[in-house]
Structures are given as C-alpha cells and as structure tokens.
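A.B. asks:
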Amino acid sequence: MKKIISLISIFFLFLSVNAQKYDQLAKTPPMGWNSWNKFGCNVSETLIMGVADAISSNGMKDAGYEYVVIDDCWQVARDENGEIVVDKDRFPHGMKFLADYVHSKGLKFGIYSCAGTLTCEGRPAGRGHEFQDARTYARWGVDYLKYDWCNTGSQDAKSSYSTMRDGLFAAHRPIVFSICEWGSNKPWEWAGTVGNLWRTTGDISDSWNSMINIFSQQKDLARYAGPGHWNDPDMLEVGNGGMTTEEYKTHFLLWCMLAAPLLAGNDLQNMSPETRTILTNKEIIAVDQDTLGKQAICWRDAGNYQIWIKRLANNEKAVCLLNGSDEKKTVLVDFSLLAKAMSERSQFKLENFKVRDLWEHKDLDLKEASMYIDILPHSVKVYRFIKK
Ligand code: GLA
0 MKKIISLISI FFLFLSVNAQ KYDQLAKTPP MGWNSWNKFG CNVSETLIMG
50 VADAISSNGM KDAGYEYVVI DDCWQVARDE NGEIVVDKDR FPHGMKFLAD
100 YVHSKGLKFG IYSCAGTLTC EGRPAGRGHE FQDARTYARW GVDYLKYDWC
150 NTGSQDAKSS YSTMRDGLFA AHRPIVFSIC EWGSNKPWEW AGTVGNLWRT
200 TGDISDSWNS MINIFSQQKD LARYAGPGHW NDPDMLEVGN GGMTTEEYKT
250 HFLLWCMLAA PLLAGNDLQN MSPETRTILT NKEIIAVDQD TLGKQAICWR
300 DAGNYQIWIK RLANNEKAVC LLNGSDEKKT VLVDFSLLAK AMSERSQFKL
350 ENFKVRDLWE HKDLDLKEAS MYIDILPHSV KVYRFIKK
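Sequential numbering from 0 applies to the sequence shown in numbering that gives the first Met the number 0.
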C-alpha cells in the first residue's frame, strides 16, 4: 500500500513539475521582429543576420525590441530519428550558429512551428514530436516559439498547446510560448496557464480595414491580459506600404493601448525615417510596456469616434481619442472628466496631473479644463495623465 501511495505521489509530482510554463517570462508584452508579414517564405540566414544587425544599430534595440523571430519555411523534413531538418540552402550554418549570432548582438532568437502535422506552408510541424523539438530548440538556443494551428484536424487546442508547453518546460530553457490559433477556440479563456501570448483573430493584412477590424475585435478581451499572458492582435504592418503614415501611427498606438506584443513586420534594413520614428517612439512604447499590464478599455463608443483608456502604474493613465471615420473631426475634450474616468477616488482631479501629448512630446498648456481638438481621418490623439 505504501509503495502505491509513493508511486502515486511521484506521478503527481511529475505532473506538477511538467504541467507549467516558465513564470518569469513576458512580464511586459514581448517586443521584436518577425519575418512573415514582409518576407513570407523568403527567409534565410542572410536576412536574419541583416535584421539582427539593423535592430541593434538603428535604435530599435534601444527602444526595447528584443526577439528576432523566423516564421514559417525554415524547415524541410525530418530525418530518420525524427529530428527536424533545417533548409541547408537558406540556412547553411544551421540554427545554433544563427541563434549565437543573434545573441551576440544582445538580442533573443525566435522560431516557428505548428501544432498540426504540417505548418501552414506545408512544412513538417510539431505533432507527435513536441518534446523532441523542444529539446532541439533549447539546444539551438531558441528563446521564443510561435506555434501555429494549421493541419490540426480534430485536435483539441488546449491539450495540443499544453503538450508543447510541457515539452518546453521539460527542455529546461525559458522560451516564450506564442500561441497562434487565431482565436478559434477562445484561447483567452484557457491559455493563461499554457502560453505567454495568444492570437485573438485571423491574420492581419497591410490595410486600414484589416487593422481596424482586428482592433475592434479586442474590445471584450481586456480582462484576460496581464503580465506573462497577453492577447495578441497579430504582428505589426507598420512600414509595409499599404497604409498611410497617419494610419500606421494609429495602428502602432492602438496596439500599444492594447498592451499588445510589438512584433515589427517590415523590412528593417530599408526603413523610411517616418517608419522608424513610429516604431521607436519611446513614450508610446512605454504605454505598451507599462508594468501594470492592463489592456485599454473602450470608455466611450460613438461608432467611428471612440475614447480608449489604459490604466498605467502609479495611478496614471493613457487616453486615446480615435477618429476611425474618413472625415476630420473636431471634438470638445473635457480633460477633468478624463482625469476622473475609470477612477472613483477624489484625488483624480485634473490639477493633480500634467497632461502630455505623446505624439508631440509636449505637455498641454491647459488654460481651461475643456478644449476643442481636431483629429484627422483614421487618426488618433493620445494623452498621458502624469502624476504631478
Ligand atoms: C498562419 C499564421 C501567420 C503565419 C503563417 C505562416 O497564417 O497566422 O502569422 O505564421 O501561418 O505560414
């Protein structure tokens, strides 16, 4: 009997050791770059090394971008031992070499696979090889794994992703686990203990309609986000050419209001000054990376005109006025009302704050509590209420 009891306790100990994720990861939303939005399957060692060079020298690393992630198409087969085989033509020195190179730039290295039998581009995926692949990734020095949901047939999402989580944990390397199941099985309801971020929708494309449509689908998800577990409205399209500069500013700011992971998806080696200015705006990035880890709430919704509020540490807040319409809007903004918004206590008076415009990098000179403000079409204003 004693033997049985100790066997049972060893079994439960085994379960509790394995059924968990590393808990010190992604305390703020992960930041980095991913190859997919701009390069699709056209990935190579040269590209990744060039991107690592660019991030570490163009102000991106300094602004907080850290993970360099290769998306689909780096893998071609499995060998006779079931080991994943890297495309030797595109990655002649293999993944360990590349990870070492990325690390040598003070950055982290990410890779992609999929919970199904094949990736979305038909490459060999993780199904049945989870623990083996996790050990391989750990050996290579992988720091971030994006795990897709193609070719999964009748697989159960929660248990499929949990298997990979357990594989990663057993591999003894802290690897950020990015769940990419497009919101199909409401991952916000179960993925908090499984991964560090989870996609909430289908793929973004480089257009205003796609971006704003994805944004609108995040409205009810705020309560599921927090340190170590984030809603992921997909990677950034800033700089890819399909939106205007104003629209890219809006896209970037809205993602920061959502406490979204910030994975740039453009060509960092050939970036315009406008794109660089948007992606490296430190005051706006600070809203995303705020340690309280709250996702913004839609506080007022008048269709195309909305006010979003993100609570920040130290009882501060960021307020975003969004004009989603095709016309310029002039709105009368009551800053004393905004100072109180989403806070009950009396100290939330306008006189206790300075109000800073995060695009202009200027404190407002508020002569009156209310002020008329022009907002361009498809544009945003963003103010940070900073404790005096
Ligand atoms: C899916 C994902 C994308 C990308 C591609 C790669 O569509 O949602 O983000 O990873 O697969 O094939």
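All C-beta atoms in this analysis are idealised placements derived from N, C-alpha and C, irrespective of residue type, glycine included.
1) Assuming the contact rule is C-beta atoms closer than 8 Å, E44 and L106 should be a hit. Round their C-beta distance to whole Å, please.
2) Within 10 angstroms of its Cβ, does H171 collect 16 or more other Cβ (buried), or is it exposed?
3) I'd like the list of long-range same chain contacts for E315, defined as Cβ closer than 7 Å, with 5 residues on each side in sequence excluded.
4) Taking the beta carbon of P28 as the centre, do at least 16 other beta carbons fall within 10 Å, making it buried, or is it exposed?
5) Quick one, which of C72, Q19, I54, M370 has its alpha-carbon nearest L278's?
6) By the 10 Å Cβ neighbour count, where 16 or more other Cβ atoms means buried, how is Q19 classified, buried or exposed?
7) List the endpoints of the continuous alpha helix (DSSP H) containing Q131.
8) Does the segment 226-239 come close enough to the segment 161-176 to have 3 or more Cβ pairs within less than 8 Å?
9) Going straight from the alpha carbon of A368 to that of N195, what length do you get?
10) For D362, collect the residues of the same chain with a Cβ closer than 6 Å to its Cβ; drop the 5 residues on either side in sequence, then sort them by chain order.
11) Could you name the residues of the same chain whose beta carbon sits closer than 8 Å to that of S8, not counting the 5 residues immediately before and after it, in chain order?
12) Beta-carbon separation of Y146 and V193 under 7 Å?
13) Please classify P260 as buried or exposed, where buried requires at least 16 other C-beta atoms within 10 Å of its C-beta.
14) Determine the contact status of V101 and L267, defining contact as a CB-CB distance below 7 Å.
15) What are the start and end residues of each continuous alpha helix (DSSP H) run of 4 or more residues lying completely inside the segment 200-241, in chain order?
16) What's the gap between the Cα of M48 and the Cα of G323?
17) Got a sec, what are the start and stop residues for the beta strand (DSSP E) K107 sits in?
18) Tell me the DSSP secondary structure of E350 in three-state form.
19) Which same chain residues, not among the five before or five after G58, have their C-beta less than 8 Å away from its C-beta?
20) So, does the segment 204-217 touch the segment 337-351, judging by three or more C-beta pairs under 8 Å?
21) Rounded to the nearest angstrom, what separates E273 and V84 at their Cα positions?
22) If the criterion is Cβ atoms closer than 7 Å, does the pair P226 and K26 meet it?
23) Which residues in the same chain as D142 place their Cβ atom closer than 7 Å to its Cβ, once the five residues preceding and following it in sequence are excluded?
24) With distances taken from CA atoms, which of K157, C255, W148 is nearest P123?
C.D. replies: Walking through what the data contain:
1) Not quite, the Cβ-Cβ distance comes to about 15 Å (not below 8 Å), so this is no contact.
2) exposed
3) R383, F384, I385, K386
4) buried
5) I54
6) exposed
7) 129-139
8) no
9) 41 Å
10) K353, R355
11) At S8, the pLDDT of 49 sits below 50, so the modelled position is not reliable; the number obtained from the coordinates is stated separately. There are no such residues.
12) no
13) buried
14) no
15) 207-215
16) 38 Å
17) 107-113
18) helix
19) R275, T279
20) no
21) 39 Å
22) yes
23) Y66, K107, F108, G109, I174, V175
24) W148
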